[in-house]
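Counting along the sequence shown from 1, when you hit position 102 you're at 205 in our numbering, and nothing is skipped either side.
Every residue, glycine too, gets a C-beta built ideally from N, C-alpha and C.
Structure, as structure tokens:
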Amino acid sequence: MINKRIKIETEDLGEETVAEVVATITDPRKMIGPEVLFSENAARDEAAKLEERKGNIEFHVIGNSLTQKVSKQTMLWLIGLQNVFSHQLPRMPKDYITRLVFDPKHCTLALIKENRPIGGICFRMFAAQGFTEIVFCAVTSNEQVKGYGTHMMNHLKDYHVKNNVLHFLTFADEFAIGYFKKQGFSKDIQLSRSVYQGYIKDYEGATLMGCELNPNIVYTEFTAVIRRQKEIIKKLIERKQSEIRKVHPGLTCFRDGVREIPIESIPGIREAGWKGPATPSRSSRSPTHEQQQDPECLHSMLKTLLCNVGQESCCCLAVSSSCRPK
């Protein structure tokens, strides 16, 4: 039933209409106003994505290894990440940070700018258990509030979707809870406790948070897709409203002696959303049908409509099942 309803609504909308709206919002010559360049609702990671496209920043998953040679560049980046984590996470013992960053079982998603790490997420993947523990997450202080943290987490999500590991767990202190909530983490853990108990490290004074990934989402493009969908819906609403706002000429039939006319014959009444009473079945008369036939209900609906379109005073509107002249 739901699928049928969605199909009908889509068919009513029309593919050509949607295509026309998409063409409009993607054409800079047809879009004007402050939102085009300086949208207040721009996604947090928009600036970071632009920097990545320009080549100003890069993301690399790196780690130490005991079985194969590690490049000098990787070692320098790991040392830099150790310093970033130590400065931004002063409550963590430096030797503990060093041990995990250089532990071959841990990897780090490194945010590189001008060939030096300015942020990163250190994690350990438990592929057999289907989850990853995020151990450290930080961006150097002078590079914060630029959307790097959000974009970095989205890269990590895409990396895990490709590896079919769809759960994150982390212990967040009071200062990090807000950040992780913005990234889709919750205190409501979707994994069974038996899946991760004994695998992850417990931290005193921290809150366990989790995030479940959707394999059908490209997270680095997610905010852009959502914003585009909002723009399409907004334009479709504007088009529909412009149709409803059409001014129709007044009724002249009453001058010719006509005493009453069907409600549905009033120009624009159907376009405004009014639906005539359906034929009731023999077995039952639904509340919806009764409401559609009730003059008081129709009176209330039309009065609300008048108020919504900016009428300062909504006078008494005498409406019955048919319209009559004064």
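**Item:** Classification of E143 by the beta-carbon crowding that lies within 10 angstroms, buried from 16 upward
**Value:** For the purposes of this step, residue 143 is identified with residue 40 of the sequence shown, where counting begins at 1. For E143, the pLDDT reaches just 46, beneath the cut-off of 50, and the residue's location in the model is therefore unreliable, leaving the point undetermined.
**Asked** Does the stretch 336 to 356 come close enough to the stretch 268 to 288 that 3 or more CB-CB pairs lie under 8 Å?
**Response** Contact between the stretch 268 to 288 and the stretch 336 to 356 is absent, because fewer than three Cβ pairs lie under 8 Å.
**Prompt:** In the structure shown, what three-state DSSP assignment does S189 receive?
**Reply:** Numbered from its first residue, the sequence shown carries residue 189 at position 86. Judged by DSSP in its simplified three-state form, S189 adopts helix.
**Asked** On the premise that I160 lies in contact with T177, defined as a C-beta separation below 8 Å, what is that separation, rounded to the nearest angstrom?
**Response** By 1-based counting over the sequence shown, the position of residue 177 is 74. By 1-based counting over the sequence shown, the position of residue 160 is 57. In fact, because the Cβ distance is near 18 Å, the residues do not count as touching under 8 Å.
**Prompt:** By a C-beta neighbour count over all protein chains shown, 10 Å radius and 16 as the cutoff for buried, is G308 buried or exposed?
**Reply:** The residue given as residue 308 occupies position 205 in the sequence shown. Within 10 angstroms of the beta-carbon of G308 lie fewer than 16 other beta-carbons, which makes it exposed.
**Message:** Buried or exposed, going by whether 16 or more other CB atoms sit within 10 Å of the CB of I224?
**Reply:** As a working note, residue 224 is residue 121 in the sequence shown. Counting Cβ neighbours within 10 Å, I224 comes out buried, since at least 16 surround it.
**Request:** Indicate the three-state DSSP secondary structure (helix, strand or coil) for R227 in the structure shown.
**Result:** What you label residue 227 is simply residue 124 of the sequence shown in a count that begins at 1. R227 falls in the strand class under three-state DSSP.
**Message:** Between which two residues does the beta strand (DSSP E) holding T235 run?
**Reply:** For the purposes of this step, residue 235 is taken as the residue at position 132 of the sequence shown. For T235, the uninterrupted beta strand (DSSP E) segment begins and ends at 234 to 242.
**Asked** Expressed to the nearest angstrom, what Euclidean distance is found between the alpha-carbon atoms of H270 and N257?
**Response** Here residue 270 refers to the residue found at position 167 of the sequence shown. Here residue 257 refers to the residue found at position 154 of the sequence shown. H270 and N257: Cα-Cα distance of roughly 13 Å.
**Message:** Contact between the stretch 291 to 300 and the stretch 323 to 339 is defined here as three or more beta-carbon pairs at a separation below 8 Å; is this criterion met?
**Reply:** They do not touch, by the three-pair rule.
**Prompt:** Can A151 and H254 be called in contact, C-beta distance under 7 Å?
**Reply:** What you label residue 151 is simply residue 48 of the sequence shown in a count that begins at 1. What you label residue 254 is simply residue 151 of the sequence shown in a count that begins at 1. Taking the C-beta atoms as reference points, H254 is found nearer than 7 Å to A151.
**Prompt:** What's the gap between the Cα of E149 and the Cα of E334?
**Reply:** Walking along the sequence shown from the start, residue 149 turns up at place 46. Walking along the sequence shown from the start, residue 334 turns up at place 231. Those two C-alpha atoms are separated by around 16 Å.
**Message:** Suppose you measure from the CA of C356 to the CA of E374; what does that come to, to the nearest Å?
**Reply:** Mapped onto the sequence shown, residue 356 falls at position 253. Mapped onto the sequence shown, residue 374 falls at position 271. Approximately 21 Å between the Cα atoms of the pair.
**Asked** When you compare only the Cα positions, how much space is there between V187 and Q300?
**Response** Mapped onto the sequence shown, residue 187 falls at position 84. Mapped onto the sequence shown, residue 300 falls at position 197. Straight-line spacing of the CA atoms in V187 and Q300 works out to 29 Å.
**Prompt:** By DSSP, does M256 sit in helix, in strand, or in coil?
**Reply:** Indexing the sequence shown from 1 puts residue 256 at position 153. Helix.
**Message:** Looking at the strands, I want to know which residues DSSP matches up with A275.
**Reply:** The residue labelled residue 275 in the question sits at position 172 within the sequence shown. Residue pairing from DSSP places A275 in a beta bridge opposite T310.
**Prompt:** Taking the alpha-carbon positions, what's the I135 to F162 distance?
**Reply:** Translated into the one-based positions of the sequence shown, residue 135 becomes position 32. Translated into the one-based positions of the sequence shown, residue 162 becomes position 59. The predicted model places I135 with a pLDDT of 46, which falls under 50 and marks its position as unreliable; any figure quoted below should be read in that light. Distance between the alpha carbons of I135 and F162: 34 Å.
**Straight-line Cα distance separating C400 from E154** = By 1-based counting over the sequence shown, the position of residue 154 is 51. By 1-based counting over the sequence shown, the position of residue 400 is 297. Each residue's alpha carbon lies about 56 Å from the other.
**Request:** Spatial neighbours of L140 within its chain, please: CB distance less than 7 Å, with the 5 preceding and 5 following residues excluded, ordered by chain position.
**Result:** To locate residue 140, count along the sequence shown from 1; it is residue 37. Legend: pLDDT at L140 = 41, less than 50; position of this residue unreliable, no value from coordinates given.
**Sheet register partners of S289 (DSSP bridge)** = Position 186 of the sequence shown holds residue 289. Paired residues: G313.
**At least 3 beta-carbon pairs within less than 8 Å: the stretch 194 to 209 vs the stretch 242 to 251** = With contact defined as three or more Cβ pairs closer than 8 Å, the stretch 194 to 209 and the stretch 242 to 251 are not in contact.
**Request:** Tell me where the alpha helix (DSSP H) around P402 begins and ends.
**Result:** Start at 1 with the first residue of the sequence shown, and residue 402 comes out as number 299. Per the sequence shown, residue 402 should be read as His rather than Pro. 398 to 411 is the span of the alpha helix (DSSP H), which, as asked, contains H402.
**Message:** Going by beta-carbon coordinates alone, are T310 and A275 separated by less than 7 Å?
**Reply:** Counting from one through the sequence shown, the residue named residue 310 turns up at place 207. Counting from one through the sequence shown, the residue named residue 275 turns up at place 172. Yes, the pair counts as a contact, with Cβ atoms nearer than the cut-off.
**Request:** Just mark L179 as buried or exposed, buried being the case when its beta carbon has 16 or more other beta carbons within 10 Å.
**Result:** For the purposes of this step, residue 179 is identified with residue 76 of the sequence shown, where counting begins at 1. Counting Cβ neighbours within 10 Å, L179 comes out exposed, since fewer than 16 surround it.
**Prompt:** In terms of DSSP beta bridges, what is K213 paired with?
**Reply:** Here residue 213 refers to the residue found at position 110 when the sequence shown is read from its first residue. According to the sequence shown, residue 213 is Ala rather than Lys. Looking at the DSSP assignment, A213 forms a beta bridge with H163, G223.
**Prompt:** H270 by DSSP, collapsed to three states: which one?
**Reply:** As a working note, residue 270 is residue 167 in the sequence shown. Looking at H270 - three-state DSSP - the assignment turns out to be strand.
**Message:** Measuring straight from C-alpha to C-alpha, what distance separates P380 and I366?
**Reply:** Here residue 380 corresponds to residue number 277 of the sequence shown, with the count starting at 1. Here residue 366 corresponds to residue number 263 of the sequence shown, with the count starting at 1. Separation of P380 and I366 (C-alpha to C-alpha, rounded to the nearest whole angstrom) is 11 Å.
**Asked** For I303, does the count of other Cβ atoms within 10 angstroms reach 16, so buried, or fall short, so exposed?
**Response** Position 200 of the sequence shown, counting from 1, holds the residue named residue 303. Buried, by the Cβ-count rule.
**Request:** For Q332, count neighbouring C-beta atoms within 10 Å of its own C-beta (all shown protein chains included) and say buried if the count is 16 or more, exposed if not.
**Result:** Locating residue 332 in the sequence shown gives position 229, where the first residue counts as 1. The residue is exposed, with fewer than 16 neighbouring Cβ atoms inside 10 Å.
**Prompt:** Which residue's Cα is closest to the Cα of P220: Y199, R227, I182?
**Reply:** The count along the sequence shown starts at 1 and reaches residue 220 at position 117. Of Y199, R227, I182, the residue nearest in Cα terms is I182.
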